[in-house]
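K.L.:
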Amino acid sequence: MLWKEGRTIEKLSWHQKFLLKRELKITCRSFQQLGYSSVNETELMNYLVSYRWKKKAPSSIKACREDILHIEPNEFFDYQQLIAQTSNLTIKDWHDLTDLF
């Protein structure tokens, strides 16, 4: 499903995304209730595919759903911080810094 011949694939099909949409919405909503209003489903999906599931993807849709529901804000924001630190953007390139304050 998320793997191909022993390795994970980097993109999910539209069908796989559709099957995971409910859990992504629930996780986004829980982040927003904790005060993290800028988190969206696309960012969460990017985190899952490019970081959390990169080396070892869950074996089924059910396992993916469970994993999505157990994402902690600090795990997601550690990834966001890593992306920001390795990005080529300068402070002038950032348009909206209000979420940082």
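Going by the UniProt record's numbering, the letters in the sequence shown line up with residues 1 to 101, in that order. We treat Cβ as the ideally placed atom computed from N, Cα and C, and that holds for glycine.
Mind checking GLU23: buried by the 16 CB within 10 Å criterion, or exposed?
P.N.:
Classification of GLU23: buried, given that the 10 Å Cβ count is 16 or more.
K.L.:
On the three-state DSSP scale, how would you describe HIS70?
P.N.:
In this structure, HIS70 counts as coil in the three-state DSSP scheme.
K.L.:
Return helix, strand or coil for SER30, following the three-state DSSP convention.
P.N.:
Looking at SER30 - three-state DSSP - the assignment turns out to be helix.
K.L.:
Have a look at THR42, ASN88, LYS56 and PHE76 and flag the residue whose alpha-carbon is nearest the alpha-carbon of PHE25.
P.N.:
Here residue 25 turns out to be Lys, not Phe, going by the sequence shown. Among THR42, ASN88, LYS56 and PHE76, the Cα nearest to that of LYS25 belongs to THR42.
K.L.:
Going by other Cβ atoms of all chains shown within 10 Å of its Cβ, with 16 needed for buried, is THR86 buried or exposed?
P.N.:
THR86 comes out exposed.
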